[in-house]
Every structure is written in C-alpha cells, then in structure tokens.
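Visitor: Before anything else, here's the structure in question.
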Amino acid sequence: MTEDRYVEDLADKDDFSQWYLDVIRKAQLAEDSPVRGCMIIRPYGYALWENIQRSLDDRIKATGHQNFYFPLFIPESFLQREAKHVEGFAPEVAWVTYGGGEELTERLAIRPTSETIIGHTYARWVQSYRDLPLLYNQWGNVVRWEKRTRPFLRTSEFLWQEGHTAHRTDEEAEAETMKILVDVYQDFIENELAIPVIVGQKTEAERFAGAARTYSLEAMMGDGKALQAGTSHNLGQNFAKSFEIMFQDVDGQRKYAWTTSWGASTRMIGGVIMVHGDDAGLQMPPRVAPIQVVIVPIWRKEHEREVVAAASLLLDAQLRHAGIRTHVDWREETPGFKYNDWELRGVPLRLEIGPRDVQNNQAVLVRRDMKPRAKEMVAQDQVAARAKVLLEEIQRNLFTRALEFRQSRTSRAETFAELEARMADRANLGFVEAWWCGDATCEAQIKAKTQATIRNIPLAQPGGEGACLYCERPATKWAIFAKAY
RNA sequence: CGGGGUGUAGCGCAGUUGGCUAGCGCGCAGCGUUCGGGACGCUGAGGUCGGAGGUUCAAGUCCUCUCACCCCGACCA
Numbered sequence: 306m307t308e309d310r311y312v313e314d315l316a317d318k319d320d321f322s323q324w325y326l327d328v329i330r331k332a333q334l335a336e337d338s339p340v341r342g343c344m345i346i347r348p349y350g351y352a353l354w355e356n357i358q359r360s361l362d363d364r365i366k367a368t369g370h371q372n373f374y375f376p377l378f379i380p381e382s383f384l385q386r387e388a389k390h391v392e393g394f395a396p397e398v399a400w401v402t403y404g405g406g407e408e409l410t411e412r413l414a415i416r417p418t419s420e421t422i423i424g425h426t427y428a429r430w431v432q433s434y435r436d437l438p439l440l441y442n443q444w445g446n447v448v449r450w451e452k453r454t455r456p457f458l459r460t461s462e463f464l465w466q467e468g469h470t471a472h473r474t475d476e477e478a479e480a481e482t483m484k485i486l487v488d489v490y491q492d493f494i495e496n497e498l499a500i501p502v503i504v505g506q507k508t509e510a511e512r513f514a515g516a517a518r519t520y521s522l523e524a525m526m527g528d529g530k531a532l533q534a535g536t537s538h539n540l541g542q543n544f545a546k547s548f549e550i551m552f553q554d555v556d557g558q559r560k561y562a563w564t565t566s567w568g569a570s571t572r573m574i575g576g577v578i579m580v581h582g583d584d585a586g587l588q589m590p591p592r593v594a595p596i597q598v599v600i601v602p603i604w605r606k607e608h609e610r611e612v613v614a615a616a617s618l619l620l621d622a623q624l625r626h627a628g629i630r631t632h633v634d635w636r637e638e639t640p641g642f643k644y645n646d647w648e649l650r651g652v653p654l655r656l657e658i659g660p661r662d663v664q665n666n667q668a669v670l671v672r673r674d675m676k677p678r679a680k681e682m683v684a685q686d687q688v689a690a691r692a693k694v695l696l697e698e699i700q701r702n703l704f705t706r707a708l709e710f711r712q713s714r715t716s717r718a719e720t721f722a723e724l725e726a727r728m729a730d731r732a733n734l735g736f737v738e739a740w741w742c743g744d745a746t747c748e749a750q751i752k753a754k755t756q757a758t759i760r761n762i763p764l765a766q767p768g769g770e771g772a773c774l775y776c777e778r779p780a781t782k783w784a785i786f787a788k789a790y
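Below you can see the structure in the form of structure tokens.
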C-alpha cells in the first residue's frame, strides 16, 4: 500500500460530514451545480431515486391514491390565504417577479409545497359529500431557499412526492394521516430502504405550518443524529377554511372538509448513505439498488477472454431472467480495482467469473455487507437462485444492523443532567427517551441548552406516568430527544 | 446571517522575504507489458493560480471588494 492509494480513499468515518460528501462524489450519486445549494443528480444517484419512486408510488396507489400534477408557480395571494402557512414559509420562498422581460402584476412563488394551490382547486372539485374523499398525490420538485444546504439532506431544490387528500370527517382525515405514516412510509422505509424508524407525533414547535397535527418518521444516522425521513400532516379544517373547501353533507348542512398532506423526498437518499455506508463507501439496500449484482469477468489472454465472455453473457441472462438488476464490468482495469470501485458504489453482490471458474462450471459470489467479504463458490446454473437468497439476506442484515446500532445509541434519561451529558458526548451521540410534560417552554429551554430537539412523541408509549425531564412536573408521554439534520 | 478556515489542472496538494517558461502525485489519452483484492514503463494532453479592481519595473505571492466551499452556531414544514 503506497501513499498514493490514500488519494482515492474516503475521509475517515469519524469525520462523518466529510465522509458523507466524499461518498456522494466518489460513488457518483451527485455533484455540485453552478447554482448555490442545488445539486446535479448523476445517473447512478437518479437510478436510485427512480427505484425509490417506483416502489413508493406503488404503495401510494395500492392505498387508493391517484397521481396528478399542479404548476410549479403559485400566485402570491394564494400563499397569503393561510396565515400560519405564510408565516412558516415566507423566509424560504423564491419568487418570480419578471416574465418575458415584463414585471408581473402579481409575484409568483416557486412552490415550497403545494397545499395552497391545491386547496384552491379542491374548493371547486368538492360540492357534495359524494365527492369525498379526494385521494391524490403528485411527484415533483419544490424550492426552499435554505441558509445552509447539504447534498440530499437539504438542498434549495429537491424532488419529492406530496400527497393531498380531503375528507368528510376528522376521523377519516386522521385515519388517512396514519395510514400514510405507517402503512406507506414506515413500510417503505423499513422494508425497502432497510432503515428502522421511530414513528410519532411532532410537537407544536416542530409542526408543519398550518397543520393541526404533524407526524414524522425519525431515523438514526451513522453519527447518532436524527433524520426526519418523512412527514404526514392532518391539516384539520385550516386549509379548508382558508380556501373554502366546502361540501353539503348528508344532513343538508354545508361543512368544511378535513384535509391532509404528506411528503417524502430525495432526502431519503441521504438517509440511505448515512445509515448503511461504511469505511468502504456506500451500501445500497438490495431492493432499491440500481445494480444488484455486478459481474466482474477475469481474464489474461485473449482466448480466456472469449470463454469468460461467453460464460458472463449466460450468467447475466440468467440473473436478468430472475428479475435481478445486473451490470457486467468490461472496463480495462484490474479485478482488484473493480472490486473496490463497486464496493464504493455500494453494489450488494459481486459475481466473479474467471477461466478457472469456467473450467469448473462455477462462479464466485461476494457479499458487500460482510467484513471480511464472504465469498462463496456457486455452480453456474445455481447463480440466480443463490443470488436471490443472498440479496434478501443482505436486505435483512442491513436493517438488523441499523436497528442494533440505533438501540446501542438509544438511552433513557431521568434527569436533565443525563441528557446534557449525552448531547455533550459528540463522538457518541444518539437518541434519548425521556418524560416530557408537554410544555413548549421546557422544550425550548432544552433545545437552547443542549441543541437537542424533540424529534417526536412516539406512538409506542411505555404508559404510566413520570416526571418531566426538565421541570419535573408530572408527565404522561415520553419523547425522543436528539440532535437533528 | 454571525465566528473560524480553505480556494493553484478532473481529484489531492507544493509553491521561500513578490522575480525568469507555475510544479508534484493520482486521474486522463496513446503504445507496450500486466490482470483472482486498488499493476507498471514510456510518450503526451490538460492552468486566464475562484472572480473583479488596485499597488509595483514585476503579483499565485501584497491590498480592497466579491463569490464559492468546509467547520462551529443561528435558521431549517
């Protein structure tokens, strides 16, 4: 190992922030763009996003929703209609003031989210209780002028889906909010991205601007910090009242509808990187991996290349027929280089095939998730069957490992001093569970003193009663405290 | 937006108290030898030194402004 080798290496994982940026750049997921805070998502990163989209979209549709599309621009007057909403978003809205060289009579916001323009439209679409519920979703981009950006985690422009529904009753809206939270988001994030999440309700301070209740899914990153992986909002009648979304009910009365909205974004890619990545780079969860099995042919002489090529072709076809996403690496690099390169890019399984293997009618399968790498010989006609099994094992293993890590970094605190100590230990950050009285003052004080925020109030509660971590008054709920991205 | 730091080839860096044609490693192109865990040799290509202005006989180097990025904060449904 020479000094030069380090040039290609990643930053040490202890320098988590630099490591994160290195992985994104070297795995060719994304790169900086000429526009501040915006990134260029490269083909490999976009392929991951497309897999995420497809899988999440299937779940959204399976729960009875349809997709539609609304404009990128929102008239300023729309944004003004919901007081809390404007207040919350005003600082981060980008405006279009000129069109075709002429100053616009009304400024257009580049959507930071679409509740307003959709609410305005829903008011026309809803007349009767028979028109409800409206269960729609859109995939698109939004812009939020953030002060400090990070690739995938917080970019000025990002890609996401935003669902918008309208219902006849509060109960129905709440059921929708929870269905998306648990049946769609949690199911997707845990089963496809292999990221365990804590599902719970946001505090008033962290609530979506204009919502009655906000729920979130919180994941622990590799440095112990929290990442909000998705949110689901019960908007109550707030937007319905601002936009006159009314219907005539069975009893003949005209009533305001109950609406919800929910979203998940490219931020989840940041989560995948920070949860599963290791010293060797990225680790793609098999179910969303752009490439699930990379085939590395090995040869020296030209005649060897020919037999290996023939075998590779057959193995590739076999894997593809089994529904596995593959790539054959014919680059003129040494095998060792390719191994490291694909490990950096996070491909879960590698298939090596060389002259020796061809002769023995076998191939070598190597798992990315094992250290040291687990290699096994497989008969050529068994490759696809074995790969399928291994991919499932890797998928489970990534989830289990992430869950174990989260558990090892989660602790309970009875006193504020304990929380302070945990948050001061930079190298060993994590989640802290503690009783909280529900008072925003305690929450704010804790944040000011420790930088820890309440990520959410988990739906799964221990029950019983305790003393508030901060003020020691009686508390019936416990909250997850953590530093967050 | 506040405090600190960094901008020299795609990446990582070196460039003395201002001085001649701006260097090194990796990467890249061509040729040859290699090839089962990051190969090697030879020959090349690639730079308005982040940008603008200024001081000077002379600026990568000094001054002013500005932009971007990184770290720590504030902010962040």
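Residue numbering for the first sequence is 306 to 790, as defined by this note's numbering. Backbone N, C-alpha and C define an ideal beta-carbon position, used for all residues, glycine too.
#1: Can you tell which of 395, 427, 667 and 406 has the C-alpha that lies nearest to the C-alpha of residue 415?
#2: Look at the alpha carbon of residue 582 and the alpha carbon of residue 734, and state the distance between them as a whole number of angstroms.
#3: Just to check my reading of the structure: residue 745 and residue 510 have Cβ atoms closer than 8 Å, yes? What is that Cβ distance to the nearest angstrom?
#4: Are at least three pairs of beta-carbons, each pair with one atom in the region 660-679 and one in the region 540-549, less than 8 Å apart?
#5: Would you check if the distance between the CB atom of residue 563 and the CB atom of residue 485 is smaller than 8 Å?
#6: Considering just the uninterrupted stretch of the alpha helix (DSSP H) at residue 543, what are its terminal residues?
#7: For residue 778, which option in 720, 647 and 331 has the closest C-alpha, if you only look at C-alpha atoms?
#8: What residue from 565, 622 and 785 has the CA that sits closest to residue 474's CA?
#9: Using CA atoms only, rank isn't needed, just tell me which of 769, 776, 739 and 652 is closest to residue 762.
#10: Please classify residue 783: is it buried, with 16 or more other beta-carbons within 10 angstroms of its beta-carbon, or exposed?
#11: Let me confirm a value: residue 556 is counted as buried when at least 16 other C-beta atoms fall within 10 Å, else exposed. Which label applies?
#12: So does the region 491-508 actually touch the region 346-361, counting three or more Cβ pairs closer than 8 Å?
#13: When the Cα atoms are used, what is the spatial distance from residue 323 to residue 641?
#14: Let me check one thing: in DSSP terms, what residues is residue 444 bridge-paired to?
#15: Can you grab the Cα-Cα spacing for the pair residue 506 / residue 517, in whole Å?
#16: For residue 731, count neighbouring Cβ atoms within 10 angstroms of its own Cβ and tell me buried if that reaches 16, exposed if not.
#17: Identify whether residue 521 lies in helix, strand or coil by the three-state DSSP scheme.
#18: At what residues does the beta strand (DSSP E) containing residue 564 begin and finish?
#19: Entirely within the region 592-625 and at least 3 residues each: give me those beta strand (DSSP E) ranges in chain order.
#20: Kindly list the residues whose CB is nearer than 6 Å to the CB of residue 468, restricted to its own chain and excluding five residues on each side of it in sequence; keep chain order.
#21: Which residue or residues does DSSP assign as beta-bridge partners of residue 668?
#22: Does the distance from the CB of residue 498 to the CB of residue 586 come in under 8 Å?
#23: Between residue 501 and the ligand GTP, is there a pair consisting of the residue's CB and a ligand heavy atom that are separated by less than 7 Å?
#24: Is it right to say residue 374 is buried, meaning 16 or more other beta carbons lie within 10 angstroms of its own, or is it exposed?
#25: Whole-angstrom Cβ separation of residue 652 and residue 599, contact assumed at under 8 Å?
#26: State buried or exposed for residue 439, treating a residue as buried only when at least 16 other CB atoms are found within 10 Å of its CB.
#27: Closest by CA to residue 654, which one among 558, 689, 758 and 662?
#28: Counting C-beta neighbours from all protein chains within 10 Å, is the total for residue 446 16 or more, i.e. buried, or is it exposed?
#29: Please report the straight-line C-alpha distance between residue 780 and residue 533, rounded to a whole angstrom.
#30: Spatial neighbours of residue 478 within its chain, please: CB distance less than 6 Å, with the 5 preceding and 5 following residues excluded, ordered by chain position.
#31: For residue 528, count neighbouring Cβ atoms within 10 angstroms of its own Cβ and tell me buried if that reaches 16, exposed if not.
#32: Give me the residue from 365, 353 and 461 with the minimum Cα distance to residue 344.
#33: Quick check: residue 465 and residue 569, are their CB atoms within less than 8 Å of each other?
#34: Rounding to the nearest angstrom, what Cα-Cα distance links residue 458 and residue 590 in this structure?
#35: Mind checking which residues open and close the alpha helix (DSSP H) that includes residue 393?
#36: So, helix, strand or coil for residue 383, using DSSP?
Guide: Put simply:
#1: Counting from one through the first sequence, the residue named residue 415 turns up at place 110. Closest by alpha carbon: 395.
#2: Locating residue 582 in the first sequence gives position 277, where the first residue counts as 1. Locating residue 734 in the first sequence gives position 429, where the first residue counts as 1. Rounded to the nearest angstrom, the two C-alpha atoms are 17 Å apart.
#3: Translated into positions along the first sequence, residue 745 becomes position 440. Translated into positions along the first sequence, residue 510 becomes position 205. Sure, about 6 Å apart at Cβ, within 8 Å.
#4: Contact fails: fewer than three Cβ-Cβ distances are below 8 Å.
#5: Within the first sequence, the letter at position 258 stands for residue 563. Within the first sequence, the letter at position 180 stands for residue 485. Taking 8 Å as the Cβ cut-off, residue 563 and residue 485 do not qualify as a contacting pair.
#6: Walking along the first sequence from the start, residue 543 turns up at place 238. That run of the alpha helix (DSSP H) goes 543-548.
#7: Counting from one through the first sequence, the residue named residue 778 turns up at place 473. When each option's Cα is compared against that of residue 778, the closest is 720.
#8: Within the first sequence, numbered from 1, the residue matching residue 474 stands at position 169. The shortest Cα separation from residue 474 among 565, 622 and 785 belongs to 565.
#9: For this step, residue 762 is matched to residue 457 along the first sequence. Considering only alpha carbons, the answer is 739.
#10: As a working note, residue 783 is residue 478 in the first sequence. When all chains shown are included, residue 783 counts as buried.
#11: Position 251 of the first sequence holds residue 556. Classification of residue 556: exposed, given that the 10 Å Cβ count is below 16.
#12: yes
#13: Translated into positions along the first sequence, residue 323 becomes position 18. Translated into positions along the first sequence, residue 641 becomes position 336. So the two alpha carbons sit approximately 25 Å from each other.
#14: Along the first sequence, one-based indexing puts residue 444 at 139. According to DSSP, residue 444 bridges with 466.
#15: To locate residue 506, count along the first sequence from 1; it is residue 201. To locate residue 517, count along the first sequence from 1; it is residue 212. Computed Cα separation, rounded: 11 Å.
#16: On the first sequence, residue 731 is found 426 positions in, with the first residue counted as 1. With fewer than 16 Cβ atoms within 10 Å of its Cβ, residue 731 is classed as exposed.
#17: Position 216 of the first sequence, counted from the start, is the residue given in the question as residue 521. Residue state, collapsed to three classes: strand.
#18: The residue you call residue 564 lines up with position 259 of the first sequence. Taken as a continuous stretch (DSSP letters only), the beta strand (DSSP E) holding residue 564 covers 563-570.
#19: Qualifying beta strand (DSSP E) stretches, in chain order: 598-602.
#20: As a first step, residue 468 is located in the first sequence; it is residue number 163 there, counting from the start. Once the five neighbours on either side are set aside, the close Cβ partners of residue 468 are 442 and 567.
#21: Numbered from 1 along the first sequence, position 363 holds the residue referred to as residue 668. Answer is 683, bridged to residue 668.
#22: Here the question's residue 498 lines up with position 193 in the first sequence. Here the question's residue 586 lines up with position 281 in the first sequence. Cβ distance not < 8 Å, so residue 498 and residue 586 don't count as in contact.
#23: The ligand GTP is absent from the structure shown, which contains no ligand whatsoever.
#24: To locate residue 374, count along the first sequence from 1; it is residue 69. Counting Cβ neighbours within 10 Å, residue 374 comes out exposed, since fewer than 16 surround it.
#25: By 1-based counting over the first sequence, the position of residue 652 is 347. By 1-based counting over the first sequence, the position of residue 599 is 294. Residue 652 to residue 599, Cβ: 5 Å. Contact.
#26: Numbered from 1 along the first sequence, position 134 holds the residue referred to as residue 439. By the neighbour-count rule (16 or more Cβ atoms within 10 Å), residue 439 is buried.
#27: Taking the first residue of the first sequence as 1, we reach residue 654 at position 349. Ranking 558, 689, 758 and 662 by Cα distance to residue 654 puts 689 first.
#28: As a working mapping, residue 446 is identified with position 141 in the first sequence. So residue 446 counts as exposed.
#29: Position 475 of the first sequence, counted from the first residue, corresponds to residue 780. Position 228 of the first sequence, counted from the first residue, corresponds to residue 533. Approximately 25 Å, taken between the alpha carbons.
#30: Stepping through the first sequence from its first residue, residue 478 is reached at position 173. Closer than 6 Å at the Cβ level, and outside the excluded window around residue 478, lie 472, 539, 563 and 565.
#31: Counted from its first residue, the first sequence places residue 528 at position 223. When all chains shown are included, residue 528 counts as buried.
#32: One-based indexing of the first sequence puts residue 344 at position 39. The residue with the shortest Cα to Cα distance from residue 344 is 461.
#33: In the first sequence, the residue the question calls residue 465 occupies position 160. In the first sequence, the residue the question calls residue 569 occupies position 264. Yes, the pair counts as a contact, with Cβ atoms nearer than the cut-off.
#34: On the first sequence, residue 458 is found 153 positions in, with the first residue counted as 1. On the first sequence, residue 590 is found 285 positions in, with the first residue counted as 1. Roughly 18 Å between the two C-alpha positions.
#35: Here residue 393 refers to the residue found at position 88 of the first sequence. That run of the alpha helix (DSSP H) goes 388-394.
#36: Position 78 of the first sequence holds residue 383. DSSP places residue 383 in helix when its eight states are reduced to three.
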